[in-house]
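Report on the following structure.
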Amino acid sequence: MSVYALVDCDHFYVSCQRLFDPALEKRPVVVLSNNDGCVISRSPEAKKLGIPMGAPYFKYRRLCEQNKVVVFSSNYELYGDLSQRVMTSLRQFCPDIEVYSIDEAFLRLDGFSHLDLTDYCTKIAGKIKMWTGIPVSIGIGPSKTLAKAATHLAKKNYQEKVFDLRNPSVQDSVLAQIDVNDVWGIGHRLTQKLTRLGITTAQQLRDSPTNQIRQKFGVMVERTLLELNGIACFSLETDQPKKTIISSRSFGHPVNQLTELEEAISHFAAIACAKLRKQQSKTHSIYVFLQTNLFSLRETPYSNGIMHGFAEPCAHTDAVIQAAKKILKQIFIPGLGYKKAGVMLMNIIPAARRQHDLFIDPCSQDKKNHLMQVIDTINDRMGRDSIFMAAEGVHRSWRMQANLKTASFTTHWHDILTIDI
DNA sequence: TCTGGGGTCCTAGGACCC
DNA sequence: TCTGGGGTCCTAGGACCC
């Protein structure tokens, strides 16, 4: 029988901020998304004030001010670095690990059954806190979905950081308490449909007839049902290369000049290509999109995008920028104020699997590969954007707002925290 | 004034093939 | 009267996740 554990960092971004300012402990704290748009991380104290996850910040600004909530812009450089520390630490306790998101990882503990797993996971949580300063909760179960549910329960119970959901009688008593929309893989649409059938708890979904669920909701929900029954359908996925890579941003203010958009799009293309090369892949196609403010009631919303296929799989920033700018000219309508744009790389393949174009000189490609390697090396060592394409522009006036951002304490020499004694 | 930025998988339907 | 059967590939859209 398989055993999975899900390690989930507690309100991760808030914890990252607290790490560098202990005065924030026990105080309500929230972290905002890019462009200071939405609330994406909340301390338990902030949750208690009734600030929902994903809420637009401008709607809750008053409430935050009245209750002295400490508000931060997000600092992904900091969070990414601390996430890596957590994941590296976890590998010392279990080699089979799937990094599921910036703040979550699945562990496969099949070979650890001789241990008391609650003890072992409590030890893991303690060490992670000691080594990285980040608090984590851990759920244990015979399938990923049950491990997820177990973490959900661990988070509800502030005393215990670990919840073991392997015992069927324990499953019976707790699954009835879990709403069906809190089950991993059941979103609000499926919740609505399931509710109409009278299925409102995890237990009711688990005990529904399998073939009926499959017929009505497809294989994904069927698998979720089996997973709730302790039958593992989702396996551990380790180190998979990305199949699509997106780089996009909302702008700090509406942008209406083509030249400015060209720079932004070029910059997004460069970021995406660097990610592409980092995972040693090439892309077959690129998609460029553009949006005005889709929430605005005054203007009619405009959103458009076009895909372009490359004759030969490609990972060269300059070629991708060229293609992106061509597309941009096709979808750009003068006179509109654009709020967001982005570049997607799709149909990604391993770089090693290459088929040459009969009409492209392979030597010229080698030269370009080398150039890209040099650029990546410089930026890795000296920091992002140390060297970049002229097309990306230098002013970047479209940049997003991040008025409440703290320093990158762990990744920039000049941001290292100093303490006065 | 003000609503993020990534990702994954599945399904249905159309084009096309023999 | 009666209009096959089986397949592949691609795309758009929908659902989900953090």
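Numbers 140 to 560, taken from my numbering, label the letters of the first sequence in order. For each residue, glycine too, the CB sits at the ideal point set by N, CA and C.
Below 8 Å on the Cβ atoms is my guess for residue i versus residue j; work out the distance and round it to an integer in Å.
i	j	result
Lys414	Ile384	5 Å
Tyr143	Ala244	Not quite, the Cβ-Cβ distance comes to about 11 Å (not below 8 Å), so this is no contact.
Asn173	Arg388	7 Å
Ser228	Ile267	5 Å
Ser405	Ala463	7 Å
Glu399	Trp537	6 Å
Thr545	Gln156	6 Å
Ile263	Val225	In fact, because the Cβ distance is near 11 Å, the residues do not count as touching under 8 Å.
Would you kindly work out how many angstroms separate the C-alpha atoms of residue i and residue j, rounded to a whole number?
i	j	result
Glu164	Ser240	25 Å
Ala288	Asp457	46 Å
Leu329	Thr349	16 Å
Leu367	Tyr199	37 Å
Val301	Ile279	8 Å
Thr439	Cys177	23 Å
Val358	Asp554	49 Å
Gly219	Gln461	30 Å
Gly532	Ile514	17 Å
Met528	Ser213	26 Å
Can you check which of these residues, the options, is closest to residue i by C-alpha distance?
i	options	result
Met483	Ile517, Leu467 and Lys507	Leu467
Pro307	Tyr152, Phe471, Ile370 and Gly324	Ile370
Asn486	Leu217, Met521 and Ala450	Ala450
Pro167	Glu216, Glu184 and Glu204	Glu184
Glu204	Glu216, Ile190 and His447	Ile190
Thr550	Ile560, Ala529, Met521 and Gly532	Met521
Gln298	Val313, Pro281, Ser282 and Ile277	Ile277
Val210	Phe548, Asp559 and Leu543	Leu543
Val146	Glu401, Ala491, Lys294 and Tyr426	Lys294
Gln407	Gln419, Tyr426 and Gln418	Strictly speaking, residue 407 in this sequence is Phe, with Gln absent from that position. Measuring from the Cα of Phe407, the nearest candidate turns out to be Tyr426.
Identify, in the order they occur along the chain, each residue of the same chain with its Cβ nearer than 6 Å to the Cβ of residue i, setting aside the five sequence neighbours on each side.
i	result
Ser525	Ile517 and Asn518
Gln540	Asn174, Asp175 and Gly391
Tyr152	Val170, Ser180 and Tyr218
Arg428	Per the sequence shown, the amino acid found at residue 428 is Phe instead of Arg. Cβ neighbours of Phe428 beyond the five flanking positions: Gly444 and Gly481.
Glu216	Ser547 and Thr550
Can you give me the Cβ contacts of residue i inside the same chain, cut-off strictly under 7 Å, excluding the 5 residues immediately before and after it?
i	result
Leu475	Asn395, Thr431 and Tyr441
Pro452	Lys421, Thr422, His423, Ile488 and Arg493
Lys478	Ser389, Phe390, Pro393, Gln430, Thr431 and Asn432
Ile472	Tyr441
Tyr196	Leu171, Asp175, Gly176, Cys177 and Val178
Leu375	Asp235, Glu237, Phe245 and Arg247
Using the DSSP secondary-structure output, state which residues sit across from residue i in a beta bridge.
i	result
Gln422	Residue identity check: residue 422 is Thr in the sequence provided, not Gln. Thr422 is bridged to Cys453 and Ile487.
Ser180	Val170
His447	Ile425
Lys479	Ser389 and Gln430
Val210	Val169
Cys148	Val275
Ala244	Val146 and Val238
Lys442	Checking the sequence shown, residue 442 turns out to be Ser, not Lys. DSSP lists Gln430 as partners of Ser442.
Phe251	Beta-bridge pairing links Phe251 to no other residue.
Ile384	Leu484
Phe302	Gly278
Ordered along the chain, which non-local residues of its own chain (more than five positions away) have a Cβ less than 8 Å from that of residue i?
i	result
Met269	none
Ile352	Leu344, Val360, Glu361 and Leu364
Thr257	Ile279, Val301 and Asp303
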